[in-house]
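Protein chains in written order, with my numbering: chain A, 1 to 270; chain B, 271 to 463.
Where is the CB? At the ideal position from N, CA and C, for every residue including glycine.
Fair warning: this is a prediction, and the values are worked out from it, not measured in the lab.
Here the structure is laid out as structure tokens; the discussion comes afterwards.
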């Protein structure tokens, strides 16, 4: 099955007009792949069939959004990144009376639980609030429950140790029937909410914003808009953390930031 | 710089490989002339890690500028680009790279099929797809897409591959224009105008 560029444009304008979801500044190459993948998963014989289903069945919209956006994530992904959070970033924020952290595009929450574990081990969790947002309510519901598939825990545990964790990782969860549930005390400080980076505004001032492997799905214009939104939402001397292949350097806000060593973490320098 | 910007009238060569391909590329790269008139993209299966040592390793074997791709990098001819570990590598119509951290394809991220298919979509008949040594079936569907788009397909001669399964799988299941040893591949790429 083939999809032409202008067919994608038509579909995106349907989505915006009917449902208010604006994907027009998403990466076209990635979007096209995701749409073709969905057509194959849900066995649409043609692009027209997909378009008709989206226009005529509002309940299908939720599935479309969930499958078009990428929800692949893991705990302590890129252990060196978490080591830097543990040894440099969080200790430098530790003297604050209160810590506000925003996970933008948190998906099913694996990174939020990783952060809660770091904060717990640094004795900062009690004075922290973790705001976790995503445009997709279905993944937020999963994140809120803190339940993850057991087979993934071997990797997560290895990542945790490689990131400098010295506790027994299995003490943070209980396993039941192929799934694990993370301890309630980790999720007590989490606030989950839908937020669309394309259309929603800044909603608070933060000390640390994490948005990893989300900007790669946006074109350069939308990246700039979102980086400005983060800049408006960061307090002075706050930190912004991006994915390992993402950068601030093309953005107009770059001059106000200093990058930490080799990690994709920038500090607001005023 | 502007004269280096690619348009689809220039060629794009995408080399994909898995087990045994690092050695093959260490042989190929010193034999490529420095001013190649195409952009060369290398996609290899490897363990997920964020270190960029593969680009450093290959840089010891060639004077062609070589680097690991970052999000939204521009494709320019005369350069070699390495797909980063743990991301699929796509190419936008605007001749810039896009990275994608979605599900593995053929148990792999980066997947060779994903980049081959994206290259075919953007560069069409100006695409040359090369499949090297490896032990899985990734790459065959991608070469089929390149062939469909009017591009050219090459497989490493299985007898010269440390792991012959991957090039042999493509030779059996799709249309391959040339089956080359690494010396023949270098000579062919040097002859591209």
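Quick check: what's the CA-CA separation for residue 198 (chain A) versus residue 225 (chain A)? 8 Å
Looking at C-alpha atoms only, which residue of A:235, A:168, A:46, A:161 is the closest neighbour of residue 86 (chain A)? Of the listed residues, the one whose Cα sits closest to residue 86 (chain A) is A:161.
Do you know offhand how far residue 438 (chain B)'s Cα is from residue 428 (chain B)'s? 6 Å
Cβ shell of residue 84 (chain A) (< 7 Å), same chain only, five flanking positions each side left out: Excluding residues within five positions, the ones whose Cβ falls inside 7 Å are 260, 263, 265.
Any beta carbon from chain B within less than 7 Å of residue 70 (chain A)'s own beta carbon? yes
Once DSSP output is grouped into helix, strand and coil, what is the label at residue 201 (chain A)? coil
Got a sec? Which residues, its chain only, sit under 8 Å from residue 366 (chain B) by beta carbon, not counting five neighbours each side? 342, 343, 344, 345
Own chain, CB closer than 6 Å to residue 433 (chain B), minus 5 neighbours either side, in chain order: Excluding residues within five positions, the ones whose Cβ falls inside 6 Å are 289, 290, 403, 404, 405.
Give the residues from the stretch 105-117 of chain A that approach chain B closer than 9 Å (Cβ to any Cβ), ordered along the chain. none
For residue 280 (chain B) and residue 203 (chain A), the rounded distance between their alpha carbons: 47 Å
Between the stretch 109-118 of chain A and the stretch 223-243 of chain A, are three or more C-beta pairs nearer than 8 Å? no
CB contact below 7 Å: residue 213 (chain A) versus chain B: yes
Could you check the C-alpha separation between residue 71 (chain A) and residue 214 (chain A) for me, to the nearest Å? 10 Å
Contact residues within the stretch 352-371 of chain B, judged by C-beta distance below 7 Å to chain A: 354, 357, 360, 361, 362, 363, 368, 369, 370, 371
Given that a residue counts as buried once 16 or more other Cβ atoms are within 10 Å of its Cβ, and exposed if not, what is residue 368 (chain B)? So residue 368 (chain B) counts as buried.
Hey, could you find the ends of the alpha helix (DSSP H) residue 436 (chain B) is sitting in? Secondary structure note for residue 436 (chain B): its alpha helix (DSSP H) is the uninterrupted segment 435-443.
Looking only at its chain, what residues have a beta carbon closer than 6 Å to the beta carbon of residue 147 (chain A), apart from the 5 residues adjacent to it on each side? Answer for residue 147 (chain A): 179, 181, listed in chain order.
Does any residue of chain A have a CB that is nearer than 7 Å to the CB of residue 276 (chain B)? The predicted model places residue 276 (chain B) with a pLDDT of 49, which falls under 50 and marks its position as unreliable, so this point remains unresolved.
Residue 442 (chain B) to residue 138 (chain A), Cα distance in whole Å? 43 Å
Assuming residue 137 (chain A) is part of the alpha helix (DSSP H), what are its boundary residues? 137-145
What residue from B:337, B:372, B:461, B:364 has the CA that sits closest to residue 274 (chain A)'s CA? The question about residue 274 (chain A) has no answer here: the residues shown for chain A are numbered 1 through 270.
Can you find a CB in chain B that lies within less than 7 Å of the CB of residue 197 (chain A)? no
So, for residue 419 (chain B): in the same chain, excluding its five sequence neighbours on each side, which residues have a beta-carbon less than 6 Å away from its beta-carbon? 390, 394
Sequence-distant residues of its chain with Cβ nearer than 8 Å to residue 385 (chain B) (five each side left out): 284, 286, 311, 313, 353, 358, 359, 360, 361, 412
Measuring straight from C-alpha to C-alpha, what distance separates residue 331 (chain B) and residue 456 (chain B)? Using only the alpha carbons, I get a separation of about 13 Å.
Decide if residue 195 (chain A) is buried, meaning its Cβ has at least 16 other Cβ atoms within 10 Å, or exposed. buried
Could you work out which residues of chain B lie near residue 30 (chain A), taking near to mean beta carbons separated by less than 7 Å? 360, 368, 370
Is residue 338 (chain B) helix, strand or coil when you go by DSSP? strand
Apart from the five residues just before and just after residue 276 (chain B), which ones in its own chain have a Cβ nearer than 7 Å to its Cβ? Note on residue 276 (chain B): pLDDT 49, under 50, position unreliable in the model; the coordinate value appears next. Counting only residues of its own chain and dropping the five nearest sequence neighbours on each side, residue 276 (chain B) has a CB closer than 7 Å to the CB of 309, 345, 346, 347, 365.
Counted within 10 angstroms of its Cβ, other Cβ atoms place residue 126 (chain A) as buried (16 or more) or exposed: exposed
Going along the stretch 292-316 of chain B in order, which residues come within less than 8 Å of chain A, judged by CB to CB distance? Contact annotation: in the stretch 292-316 of chain B, no residue has its CB less than 8 Å from a CB in chain A.
Contact defined as beta carbons within less than 8 Å: I believe residue 186 (chain A) pairs with residue 145 (chain A). What is the distance between those atoms, to the nearest angstrom? Not quite, the Cβ-Cβ distance comes to about 12 Å (not below 8 Å), so this is no contact.
Under the DSSP definition of a beta bridge, which residues are partnered with residue 286 (chain B)? DSSP lists B:313, B:401 as partners of residue 286 (chain B).
Is residue 33 (chain A) buried or exposed, if buried means 16 or more other CB atoms sit within 10 Å of its CB? Result: buried.
For residue 38 (chain A) and residue 333 (chain B), what's the separation of their Cα atoms in angstroms? 43 Å
So if I threshold CB-CB distances at 7 Å, which residues from the stretch 320-345 of chain B count as touching chain A? Of all residues in the stretch 320-345 of chain B, only 320, 340, 341, 342 place a beta-carbon less than 7 Å from a beta-carbon of chain A.
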